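In my numbering, the protein residues as written are 364 to 574. Idealized CB from N, CA, C, for every residue including glycine. All values reported here derive from a predicted model rather than from experimental measurement. Below is one structure, written out as C-alpha cells, with a few remarks after it.
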C-alpha cells in the first residue's frame, strides 16, 4: 500500500525546526527538500544544518545543480535515501554506487517535461524515481495527474522501482495518485500549512486506504 510522507522545506534553521516539530509526533517517513538557489530559485537551509529524530526514515530530495559536491555531507547524515535530479549534473551510476556503499538508497527525480526514458542507463542502480509536479523550492504547486503515464514506462524499465510523487498532494487526489501506481505520496503544504497537521496527515492516510 502507498505511504504518506510529510515534506520539510525550510530556508532557515528555525523554520526547519518548526516544521520538524509539526510532524514529529505522527510521521514515520518524511522527505526533506534542499535547494541550492541555482537549480531551484530559492536557497534552503544548508545540508550541514539538517537533523532529525533517529526513529524517522528520511529521504533527502536534492534540488542542486551539482549534487556530487555535497554527497559526502549527505552520506554522513545517514538518511534512508538521497534523491537527485535527472536534470542536474553528475554521474548518476557513480552517485548510486557511493550511496549503496553506505547502505543508503538512491533515487532520481524527474521534472514534468523530462521523459522517463532519459534515466534508462542508470535505472538498474536506482531504487526510487520521484515524479515532480510541484514548484521547485516551494510548497504547493498543482498535482498534474497527466504525469501518471510515466509510471507505466518506468515499470517497463524496472518493475520493482519505487515511485514517489511530489507536488500538490491533497485529500482530493491522494486516492487517484495511489491507484495510479504511486508508492510514496510526499505531502508538503497540505500538512505543514494545516491548523492541525496530524489531522491533515490522517485524512491522506484514510484517502489512500479507502481507494
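Practice prompt. Closer than 7 Å by C-beta to residue 372: which residues in its own chain qualify, once you throw out the five before and the five after it? Chain order, please.
Written response: Counting only residues of its own chain and dropping the five nearest sequence neighbours on each side, residue 372 has a CB closer than 7 Å to the CB of 396, 407, 502 and 551.
Worksheet item: If you run the structure through DSSP and keep just helix, strand and coil, what is residue 562?
Response: In the structure shown, residue 562 sits in a helix (DSSP, three-state: H, G or I).
Worksheet entry | Cβ-Cβ distance between residue 472 and residue 446 below 9 Å | Residue 472 places its beta carbon less than 9 Å from that of residue 446.
Worksheet item: Going by DSSP, which residues form a beta bridge with residue 525?
Response: According to DSSP, residue 525 bridges with 491.
Worksheet item: Apart from the five residues just before and just after residue 379, which ones in its own chain have a Cβ nearer than 6 Å to its Cβ?
Response: Closer than 6 Å at Cβ, skipping near neighbours: 373 and 408.
Discussion item. On the CB-based measure, 16 or more other CB atoms within 10 Å of its CB, does residue 368 come out buried or exposed?
Written reply: Answer is buried; the Cβ neighbour count reaches 16.
Practice prompt. Report the partner residues of residue 426 according to the DSSP bridge assignment.
Written response: According to the DSSP secondary-structure assignment, residue 426 is paired through a beta bridge with 398.
Discussion item. Give me the DSSP bridge partner(s) of residue 549.
Written reply: Paired residue(s): 368 and 529.
Worksheet item: Looking at the unbroken alpha helix (DSSP H) that takes in residue 377, where does it start and where does it end?
Response: Residue 377 -> alpha helix (DSSP H) spans 376 to 386.
Fill in: Proximal residues to residue 536 (C-beta, below 8 Å), its chain only, five neighbours per side dropped
Excluding sequence neighbours, residue 536 sits near 506 and 508.
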